[in-house]
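**Student:**
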Amino acid sequence: MLKKLSVYIGKYKKYVLAVPVFVFLDVICELSMPLLMARIVDQGIPAGDIPFITRTGIYMILLALGAITFGVMNMKASTTGSIGFAANLRNALFEKVQQFSFTNIDQFSTASLVTRLTNDVNNLQTTFMMALRLLTRAPMMLVIAFFLAYNINSELAIVLAIAIPVLVIGIGLIISKAGRLFAIMQQKIDNINRVIQENLVGIRVVKSYVREDHEKDKFKIANDEFTSSAIKAINLAILNMPVMMFVLNSATIAIIWLGGKMISAGTLGTGELISFISYVLLILNSVMMISMVFIMYARAEASGQRIIEVLETKIDISDKPEWTLLTNTKGSEAMIANPGSIDSPKVSTGKVEFRNVTFKYALTGSGENVLHNINFVIKPGEVVGIVGGTGSGKSTLVNLIPRLYEVTEGAVLVDDVDVRDYRLEDLRGGIGVVLQMNTLFSGTIRENILWGNEQASEQEVISACKDAQAHEFIMSFPDGYDTVLGQGGVNVSGGQKQRLCIARAMLKKPKILILDDSTSAVDMATEAKIREAFYHSLAGTTVFIIAQRISSVREADKIIVLDDGGVSGVGTHDQLLKTNTIYKEINSSQQEGVLAQ
Amino acid sequence: MNNPRKEIRPMQQTGPRHGPGAMPGFEKPKDTGRIIRRLLEYMANRKFQLVIVFFLMIISASGSVAGNYLLKPLINNYILPGDFSGLARMLTLMAGIYLVSVGASYGQSRLMLLIAQRMTNSMRRDLFKKMQTLPLKYFDTHTHGELMSRYTNDIDNVQMAFEQSLVQLFSSSLMFLGAVIMMIILNPVLFIASGTIIAVMFFAARFFTSRSGKFYKAQQKNLGSLNGYVEEIVDGLKVVKVFNYEDKANLEFSKRNEDYRVAATNANFFAGVIMPVVMNLNNMSYAVAAMLGGLLTVAGRFDVGSLASFLQYTRQMGMPITMISNQFNTVLAALAGAERVFEVMDEKPEDDLGVIKLVGANKNMESFIEVSHNGVHPTHWAWKVPQADGSVQYIELKGDVRFNNVTFAYEPGVPVLSGISLYAKPGQKIAFVGSTGAGKTTITNLINRFYDIEEGSITFDGINVKLIKKDDLRKSLGMVLQDTHLFTGTVMDNIRYGRLDATDEECVQAAKQASADSFIRRLPQGYNTLITADGTNLSQGQRQLLAIARVAVADPPVLILDEATSSIDTRTERLIEKGMDALMKGRTVFVIAHRLSTVRNANAIIVLEHGEIIERGDHDDLLKQKGRYYRLYTGQYELA
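Same order as they appear, the protein sequences are chains A and B.
The first sequence begins at 1355 in the working numbering and counts up by one.
The second sequence begins at 536 in the working numbering and counts up by one.
If you want it as structure tokens, here you go:
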């Protein structure tokens, strides 16, 4: 895991590498102090050498100032390095997610992707920062302090040789056991949060079924289970402190006892004894710090794994290698004008052909074919309706045209070229799609429409909105095209939102326009006006309309009836009414009309 | 549709939970005294334990202060003169003091852990209890994230503060104070010298804390904007792909990411720098003490043993100061968190002054005999109305619902319904038609008193609904909403939610009635399939079928169907039509639907616009009127 993530340190490497240097200098300054102090006590005081004491004291003060300087520099380097690392990682993750195909997107839930990009990266950021600060300092402290202590008196160092392993084993035991208990505790936290979340979301259900007491009981169980698991886990974890104190104090007493004898034998100075005790404190403290990093690492590991999972997700749809090369050399927008790209095909007429297409969801599905043996040819400029029951594969079918999903078998051809031979950007640039789950983004209406074509003039924006029957209601807002939409376009009605999404796609002036059930909330009269545009301002555009309402596709040049992943019939409304039982059935179920979806 | 309010509230940015080691928020509570009193109430029955904690804390702090003082006699009286039996005695005493101190400190942490955990357990329980009593209005005006963070961030902060910070704050102060006193006793002159540096330490700690606090705010703001962008783009990722917007999104993201990086680096730098600065200032005071102490000793005004223990005390100063400056913020954050929790607890609950109860009853001639409801359905339901003279009168539940001149507003001055009068006779099907925001859902939400009306009255079998106990009123009404919400558990559990004592057979029967049986049987574990995360493993249509099964098993006398079949395609809807008809038979039903097939056979269709009834009548009447309904039906008018 560390190896995979460490590449994201990138340009912050120099900061990360500087940390051990500063820490080393800082530790040297800090650890020299007890030694100098010992010389004051053992040499200066007995000899009454005032200049020596003063000089040594000033050295000590200078060392402390040095330690402050190096300490601050260390903080600067470790903070910059670790947060820079997280920023790089976040960018890499986000870019990776941008490459995701629809299959990849379906594989993760939105919530889990967001968590990985936010909380998990932040977890790593904090852990890396602490690790940089502690994991460089503590081992250095440990080694150098031990060396200095050993130099003062090798016999006394035996005490440390016993104390350190005892502490390591003690803390190791606690941590390994506490780890499991904390994992259980985490589960219980998730449980509590789940109950609360469900109650918040389903409060109307709870209230209308008068299930408050039932829910309170559920919560009480979750709450009590959490409390007892937390008490168990933390009770064990707080044992760390007494264990540490016990080892430290025992070592101190042993050192005073042994050292006292040495002092009276004249082999040890009083100052040396005091500085030795100082080193013991620093050494054992370092052991504690190292153990803390291990605890943190264990917690961060889960986050790291989740992030790596995203980073290593195999992108199943990407440009052919030769196109990738082109994209990498130039920015995306420069590409279009780049004469070097003439080799890559462009969508020019809007002819669509399905050749023996079979599709199944490779990752999420049960292995059953969603579409099988689909064959049809659509001429440029035709308007095509697609109808069929829920789950018959309508959306999947049209999503294959802009290569949002990859066919399992067979081929989809646009302008007689396999979609896999296009550059994705060129292919999708020529196709306008209004998805079933359409999304508007926070920003003004104009900004949202301009997604279709950033360079579009005001005239083009207005005419697209007029074609989509959106201009009128946009102008009814006080701020017109500058009306600010909330996230997800919450402040427009369902029908208005759909029309904005259609305008956005129309602004692209695509050769192929796909409307996936995207007029369901628009009334029939308005919808009819939108359809008129398909025959006039978008006369040369091939249009695919998926609809629940027969009325939406009645006038189409061709209607494709899908049933259970296969084409059950192709023809005009009148032809199908005569020949296709499924079409007839759908039609008759709607005879009574639909007020609106 | 489940949120009838039209206006948009800015979504509150609820940041992610603090990761381990994250800094606490730098926020201050408004009325500290009151919050502390209320928090103490939660510990009222733990006074004894608290007193013990207090004593243990004093013992452990004075133990560690005294242990260091012993260095002086150890060196001066035993080591230097070479009195080893005395040294052994003193060391035994020292070991004893340390042991007691460590034991007291451990005991105190265990006890405090227990107190804090039990206390926050009660707080969570009370908060959840309170949440269940809050009116829907509260949930409309607060985001889920907001309430969620009461449980997660706020109560967590309280827990942290009580479990660690308070004790650390207190014992750090004690140790600090003890050390200061001992240093003064050992040598007042020397203390003044190192005391000056200690004062500098204090100011340095405060300076960096407040600096990092400022940057911390900037960091949180940038983090909010960064996370907001992630959410928005990931949510609309498919649209991003379709419009080749990836590069632009990357660019915008890296811009926000860089802003966050700069702010976070500053905040963490200033927070992190406290430690080395204070600790090394501490080292400096150690240096000053060693130098001046050495000089004093040479001058004969101090001795080596005293110097050793003075130096140990000096070493001890840094820790409490960083502790105090760290924990102080944690405690403030906890108090602010507790304040927000108490704010929720102080919210006005749904008021329920009703006294009339719903009871199962057997009809005996014209009077009713109340029967206890234990699995066996009574032949009738009746309202049990207490009379002034202490007797009770039973009124049969029939399902007669009337609105008399009802006016209602979610916000004062913005009426959503005005002057609505309508009636539903027992067994009738009433349908509402109108645009979003016309007030359809609101009407159904008034019947079961999700909201209370301002003017007019609503009666149920002639009884004003305000006089009926809310729980009993709601038990008599079954609701199926457009957004179906399921709970973690098996499919069977979710159907049984309608009536907790329903048998498996009854649940399966209900599923069959809702045409849900066939898809349930095709699930991997059939009725025992676990539903997770609000049923995201089921399609919206399947979830609606389950919701219909759930209400079928509840078997309520009155049904409210709010777009209950909106996500079921027209062919499937035909299949369940029979089941729905059976379900609706003999019950008063209120239906909100877009589809004519659901609406057309209603006894009365009510067309609403801007909170007023503009047309009413049955399907044929309304078509003849050639009004709004006619235009809707013929597709000349848009509902949105």
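Every residue, glycine too, gets a C-beta built ideally from N, C-alpha and C.
Check for me: the alpha helix (DSSP H) holding Ala1882(A) runs from which residue to which?
**Tutor:** Within the first sequence, numbered from 1, the residue matching residue 1882(A) stands at position 528. Looking at the DSSP string, the run of the alpha helix (DSSP H) that includes Ala1882(A) is Met1878 to Tyr1889.
**Student:** Using a Cβ-Cβ cut-off of less than 8 Å, give me the residues of the stretch 1478-1502 of chain A that come near chain B, in sequence order.
**Tutor:** Within the stretch 1478-1502 of chain A, the qualifying residues are Gln1479, Thr1480, Thr1481, Met1483, Met1484 and Arg1487.
**Student:** Taking just the CA atoms, how far does Ser1749(A) sit from Tyr764(B)?
**Tutor:** Locating residue 764(B) in the second sequence gives position 229, where the first residue counts as 1. Locating residue 1749(A) in the first sequence gives position 395, where the first residue counts as 1. The alpha-carbon atoms of Tyr764(B) and Ser1749(A) are separated by roughly 27 Å.
**Student:** What do you reckon, are the CB atoms on Val1924(A) and Lys1912(A) nearer than 8 Å?
**Tutor:** Taking the first sequence and counting its residues from 1, one reaches residue 1924(A) at position 570. Taking the first sequence and counting its residues from 1, one reaches residue 1912(A) at position 558. Their beta carbons are under 8 Å apart, which means Val1924(A) touches Lys1912(A) by this criterion.
**Student:** Can you tell which of Ile904(B), Ala871(B), Pro921(B) and Asp881(B) has the C-alpha that lies nearest to the C-alpha of Val890(B)?
**Tutor:** In the second sequence, counting from the first residue as 1, residue 890(B) sits at position 355. Comparing Cα-Cα distances from Val890(B) to each of Ile904(B), Ala871(B), Pro921(B) and Asp881(B), the minimum goes to Pro921(B).
**Student:** Is it true that the CB of Met852(B) sits closer than 8 Å to the CB of Asn818(B)?
**Tutor:** Counting from one through the second sequence, the residue named residue 818(B) turns up at place 283. Counting from one through the second sequence, the residue named residue 852(B) turns up at place 317. Their beta carbons are not under 8 Å apart, which means Asn818(B) does not touch Met852(B) by this criterion.
**Student:** From Ser1604(A) to Ala1517(A), what distance separates their C-alpha atoms?
**Tutor:** Taking the first sequence and counting its residues from 1, the one referred to as residue 1604(A) is at position 250. Taking the first sequence and counting its residues from 1, the one referred to as residue 1517(A) is at position 163. Cα to Cα, Ser1604(A) sits roughly 8 Å from Ala1517(A).
**Student:** At which residue ranges does the stretch 1747-1827 of chain A contain complete alpha helix (DSSP H) runs of 4 or more residues, listed in the order of the chain?
**Tutor:** Whole alpha helix (DSSP H) segments, 4+ residues: 1748-1753, 1778-1783, 1799-1803 and 1812-1821.
**Student:** Give me, in chain order, the residues of the same chain whose beta-carbon lies closer than 6 Å to that of Ala1824(A); leave out the 5 immediate sequence neighbours on both sides.
**Tutor:** The count along the first sequence starts at 1 and reaches residue 1824(A) at position 470. So the list reads Arg1853, Leu1854 and Ala1857, once near-sequence residues are dropped.
**Student:** Give the list of continuous beta strand (DSSP E) stretches no shorter than 3 residues that lie fully inside the stretch 850-928 of chain B.
**Tutor:** Counting whole runs of 3 or more residues, the stretch 850-928 of chain B contains the beta strand (DSSP E) stretches 892-899, 902-906 and 915-921.
**Student:** First and last residue of the alpha helix (DSSP H) that includes Gly1658(A)?
**Tutor:** By 1-based counting over the first sequence, the position of residue 1658(A) is 304. From DSSP, the alpha helix (DSSP H) with Gly1658(A) extends over Thr1624 to Leu1665.
**Student:** Quick test of your reading: Val1921(A) and Phe1730(A), contact by CB under 8 Å. State the CB separation rounded to the nearest angstrom.
**Tutor:** Mapped onto the first sequence, residue 1921(A) falls at position 567. Mapped onto the first sequence, residue 1730(A) falls at position 376. Confirmed, about 7 Å.
**Student:** Can you name the residues that DSSP bridges to Phe1097(B)?
**Tutor:** Along the second sequence, one-based indexing puts residue 1097(B) at 562. Looking at the sequence shown, residue 1097(B) is not Phe but Asp. DSSP output for Asp1097(B) lists Ile1127(B) as bridge partner(s).
**Student:** Which residue's Cα is closest to the Cα of Leu1869(A): Ala1465(A), Asn1753(A) and Asp1460(A)?
**Tutor:** Along the first sequence, read from residue 1 onward, the residue named residue 1869(A) stands at position 515. Answer by Cα proximity: Asn1753(A).
**Student:** So, are the CB atoms of Ile1498(A) and Leu1385(A) less than 8 Å apart?
**Tutor:** Position 144 of the first sequence holds residue 1498(A). Position 31 of the first sequence holds residue 1385(A). For Ile1498(A) and Leu1385(A), yes; Cβs fall inside 8 Å.
**Student:** Report the neighbours of Gly983(B) on chain A: residues whose CB is nearer than 7 Å to its CB, in chain order.
**Tutor:** To locate residue 983(B), count along the second sequence from 1; it is residue 448. A small correction: the amino acid at residue 983(B) is Asn; Gly does not occupy that position in the sequence shown. Per Cβ cutoff of 7 Å: Ser1562.
**Student:** Let me make sure I understand the geometry here. Which of His1020(B), Asn1063(B), Leu1058(B) and Ser860(B) has the alpha-carbon closest to that of Asp1039(B)?
**Tutor:** The residue labelled residue 1039(B) in the question sits at position 504 within the second sequence. Checked all of His1020(B), Asn1063(B), Leu1058(B) and Ser860(B); the closest Cα to Asp1039(B) is Asn1063(B).
**Student:** Does the stretch 654-664 of chain B come within contact of the stretch 1573-1583 of chain A, defined as at least 3 CB pairs closer than 8 Å?
**Tutor:** The answer is yes - the stretch 1573-1583 of chain A touches the stretch 654-664 of chain B, with three or more Cβ pairs under 8 Å.
**Student:** Starting from Ser1922(A) and walking both ways along the beta strand (DSSP E), at which residues does that stretch end?
**Tutor:** Taking the first residue of the first sequence as 1, we reach residue 1922(A) at position 568. Unbroken beta strand (DSSP E) run through Ser1922(A): Gly1920 to Gly1925.
**Student:** Determine the extent of the alpha helix (DSSP H) in which Val808(B) is found, giving its start and end residues.
**Tutor:** Indexing the second sequence from 1 puts residue 808(B) at position 273. First-last of the alpha helix (DSSP H) with Val808(B): Glu781 to Val833.
**Student:** Just tell me which of Phe837(B), Ser820(B), Asn612(B) and Ala873(B) has its CA closest to the CA of Glu576(B).
**Tutor:** As a first step, residue 576(B) must be located in the second sequence, where it is residue number 41. Comparing Cα positions, the closest option is Ala873(B).
**Student:** I'd like the ranges of any alpha helix (DSSP H) spanning at least 4 consecutive residues and lying wholly in the stretch 963-1037 of chain B.
**Tutor:** Entirely contained in the stretch 963-1037 of chain B, the alpha helix (DSSP H) runs reaching 4 residues are, in chain order, 975-982, 1005-1010 and 1026-1031.
**Student:** Out of curiosity, what's the CA-to-CA distance linking Asn1639(A) and Met1598(A)?
**Tutor:** Along the first sequence, read from residue 1 onward, the residue named residue 1639(A) stands at position 285. Along the first sequence, read from residue 1 onward, the residue named residue 1598(A) stands at position 244. Straight-line Cα distance between these residues: approximately 8 Å.
**Student:** Cβ closer than 9 Å: which chain A residues qualify as neighbours of Ile978(B)?
**Tutor:** Start at 1 with the first residue of the second sequence, and residue 978(B) comes out as number 443. None at all; the shortest Cβ gap to chain A is about 15 Å.
**Student:** Whole angstroms are fine: how far does the CA of Pro884(B) sit from the CA of Ile982(B)?
**Tutor:** For the purposes of this step, residue 982(B) is taken as the residue at position 447 of the second sequence. For the purposes of this step, residue 884(B) is taken as the residue at position 349 of the second sequence. Straight-line Cα distance between these residues: approximately 19 Å.
**Student:** Can you tell me where the alpha helix (DSSP H) with His1154(B) in it begins and where it stops?
**Tutor:** Translated into positions along the second sequence, residue 1154(B) becomes position 619. Where His1154(B) is concerned, the enclosing alpha helix (DSSP H) stretches over His1154 to Gln1160.
**Student:** How about Gly556(B): is its C-beta nearer than 8 Å to some C-beta of chain A?
**Tutor:** Against the second sequence, residue 556(B) aligns to sequence position 21. Model confidence at Gly556(B) stands at a pLDDT of 34, short of 50, so the residue's coordinates are unreliable and nothing is read from them.
**Student:** When DSSP builds the beta bridges, which residues end up paired with Phe697(B)?
**Tutor:** Reading the second sequence from its first residue, position 162 is the one you call residue 697(B). Bridge partners of Phe697(B): none, in fact.
**Student:** What residues of chain A sit near Leu1157(B), judged by a beta carbon separation below 7 Å?
**Tutor:** Along the second sequence, read from residue 1 onward, the residue named residue 1157(B) stands at position 622. None at all; the shortest Cβ gap to chain A is about 12 Å.
**Student:** Reducing DSSP to helix, strand and coil, say where Glu1041(B) ends up.
**Tutor:** Here residue 1041(B) corresponds to residue number 506 of the second sequence, with the count starting at 1. Note: Glu1041(B) maps to helix in three-state DSSP.
**Student:** Quick check on His1568(A) - is its C-beta less than 8 Å from some C-beta in chain B?
**Tutor:** Within the first sequence, the letter at position 214 stands for residue 1568(A). Closer than 8 Å: yes.
**Student:** Hey, out of Leu1443(A), Met1829(A), Ile1422(A) and Gln1452(A), whose CA is closest to Arg1660(A)'s CA?
**Tutor:** As a position in the first sequence, residue 1660(A) is number 306, starting the count at 1. Looking at the Cα atoms, Leu1443(A) is the closest of the given residues.
**Student:** Below 8 Å on C-beta distance, what does Lys664(B) contact in chain A?
**Tutor:** As a working note, residue 664(B) is residue 129 in the second sequence. What Lys664(B) touches in chain A: Lys1570.
**Student:** So which of Gln1075(B), Gly829(B), Ser1011(B) and Arg1078(B) has the shortest CA-CA distance to Pro1091(B)?
**Tutor:** Here residue 1091(B) refers to the residue found at position 556 of the second sequence. Cα-wise, what sits closest to Pro1091(B) is Ser1011(B).
**Student:** With DSSP as the reference, identify every bridge partner of Gly1739(A), one or two as the case may be.
**Tutor:** Along the first sequence, read from residue 1 onward, the residue named residue 1739(A) stands at position 385. Per DSSP, Ile1899(A) and Ile1913(A).
**Student:** Cβ of Gln1929(A) less than 8 Å from any chain B Cβ?
**Tutor:** Here residue 1929(A) is taken as the residue at index 575 of the first sequence, counted from 1. No, no contact with chain B.
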